[in-house]
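What follows is one structure encoded as structure tokens, with my remarks underneath.
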Amino acid sequence: MSLVAEDDAPQAVRPVPIADRAALPVAALLQVMLGYWVSQSLCVVAHLGVADVLRDGPRQVDEIAAQVGADPGPLYRVMRALATAEVFEEHEGRAFALTPVSEPLVSGLPGSVRALALWHGASWHWGPWGDLLETVRGGDPAFDRVHGCDQFAFFAKDPAAAEIYHDAMSEFSTTSNLLAAATYDGFEGIDTLVDVGGGRGEVLCGLLGMHGHLRGVLVDLPAVVEAARETIAAAGLEGRCEVVAGDYFATVPDGHAAYMLSMVVNDWDDEHATAILRTVRRAMREDSVLLLLQMVVPPADEPSFAKLMDLEMLVHTGGRERTEEEFRMLLEASGFELERVVPTISPVALLVVRPRARRMRVPGR
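If you count the sequence shown from 1, position 39 lands on 20 in our numbering, and the numbers rise without skipping.
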């Protein structure tokens, strides 16, 4: 491929002006290829808390470095590079300010994604991506090969990594997952919602806050439910929300009006996802509803974050993101029917699922 343009006549060749090269395919490819430069730089400034320092206005890089415990020279170079991606705005005198892109890096704000930046930049997280080739060749999750165990066993052995992971999942829950769950239009007819694999409880607490009549039951592993109790207590919802330690492969509380699985099924391959769904199906009444919060992969070449998230599942858990048709088949194999898919403004969609009607057996057949 040539990086030059040709005049009509004569056959003289002139270089493409530098200002025009950004439009060339190679430049676009390089921008994609080198995305990890940006993600690692984001992790650094998130770890240092740079956005917190800039929360009240622009600061000179020496002042920022002193507050976060960094060398001003390398920190300047990282922030200057991030300014080219519009993460920061560089002012005269080596000063920087937040932009709309970097405001979500401020810790503690609603919609903060600082923990997500720490998660994606952690060496134990991005390291398995370097083994993607072997996963494509053999099909097994790279995470298991790199770390010698699956992701959940790894977190059990490394509490610091587990804390980063759960913080990141909490941020995702309070943004994308809660937005998707809130679109359901049938909460008025529900008395109790069981959140299966509900993590720290952000989605369930958000829904209880929106619907004063609703009661909740959160089910998750013993290592997680204590944090859920803290979330529920902080929201003042102890009287309306029960916490149950359990395993969604074995049993969940039965007989309730509604159940919810929020970004759980995508962690697993079809065999394990079916086992989880069947556990929930056994617990449900015939008139219960299941709210499934998941990304849905669109068809053909339509751009989608779900298609990239699917690679995260491939590398880390052996799970997958699924198309609507793949969800239909998975649900039917688990005793359900997909009633409808509700797109939302977040990457996560709401799938409204009902128990499949049991067909009456015809005598003699």
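Cβ coordinates follow ideal geometry from the N, Cα and C atoms, glycine included.
Asked, Found
"Nearest CA to the CA of Leu273: which residue from Leu289, Asp33, Arg321, Leu63?", "Arg321"
"Are the beta-carbon atoms of Val68 and Leu99 separated by less than 8 Å?", "no"
"Report, in whole angstroms, the separation of the C-beta atoms of Val329 and Ala161, which I expect to be a contact under 8 Å.", "4 Å"
"Just to check my reading of the structure: Phe317 and Pro336 have Cβ atoms closer than 8 Å, yes? What is that Cβ distance to the nearest angstrom?", "6 Å"
"Nearest to Asp176 by alpha carbon, out of Asp201, Gly170, Phe168?", "Asp201"
"Under a three-way DSSP split, which group does Asp121 fall into?", "coil"
"Counting C-beta neighbours from all protein chains within 10 Å, is the total for Trp18 16 or more, i.e. buried, or is it exposed?", "exposed"
"Taking buried to mean at least 16 other C-beta atoms within 10 Å of its own C-beta, is Asp125 buried or exposed?", "buried"
"Using a Cβ distance threshold of 8 Å, determine whether the region 264 to 278 contacts the region 153 to 172, with at least three qualifying pairs required.", "yes"
"Considering Cα atoms alone, identify which of Thr155, Asp166, Gly179, Gly187 is closest to Leu331.", "Asp166"
"Note down, in chain order, each residue of its chain lying with its Cβ closer than 8 Å to the Cβ of Leu188, except the 5 sequence neighbours on either side.", "Leu159, Ala162, Ala163, Phe168, Leu174, Leu195, Gly197"
"Is His253 helix, strand or coil when you go by DSSP?", "helix"
"Under 8 Å Cβ to Cβ from Gly129, same chain only, skipping five residues before and after it: list those, please.", "none"
"Any idea what DSSP makes of Phe317, helix, strand or coil?", "strand"
"Find the nearest neighbour of Gly348 within the set Ala142, Asp131, Gly16, judged by alpha-carbon distance.", "What is shown of the chain runs -18 to 346, which leaves residue 348 out entirely."
"Quick one: which unbroken beta strand (DSSP E) runs of 3-plus residues sit fully inside the region 126 to 211? Chain order, please.", "173 to 177, 196 to 201"
"Does Pro336 come out as helix, strand or coil in the three-state DSSP assignment?", "strand"
"Let me know if Arg40 comes out buried or exposed under the rule of 16 or more other beta-carbons within 10 Å of its beta-carbon.", "buried"
"Assuming Arg118 and His147 make a contact with CB atoms under 8 Å, what is their CB distance in whole Å?", "With 8 Å as the limit, Arg118 and His147 do not qualify as a contact, their Cβ atoms being about 32 Å apart."
"Taking Leu218 and Gly178 to be in contact with their CB atoms under 8 Å, please state how far apart those CB atoms are, rounded to whole angstroms.", "Leu218 to Gly178, Cβ: 19 Å. No contact."
"Are Val25 and Val59 closer than 8 Å when you measure CB to CB?", "yes"
"Give every residue of the same chain whose Cβ lies closer than 7 Å to the Cβ of Ser20, excluding the five residues on either side of it in the sequence, and list them in chain order.", "His101, Gly102"
"Taking the beta strand (DSSP E) that Met241 belongs to, which residues open and close that run?", "239 to 243"
"Out of curiosity, what's the CA-to-CA distance linking Val233 and Tyr240?", "10 Å"
"Put Met(-18) into one of helix, strand or coil per three-state DSSP.", "Note on Met(-18): pLDDT 37, under 50, position unreliable in the model; no value is reported."
"Between which two residues does the alpha helix (DSSP H) containing Ala78 stretch?", "Looking at the DSSP string, Ala78 is not in any alpha helix (DSSP H); the run it does join, the beta strand (DSSP E), is 76 to 79."
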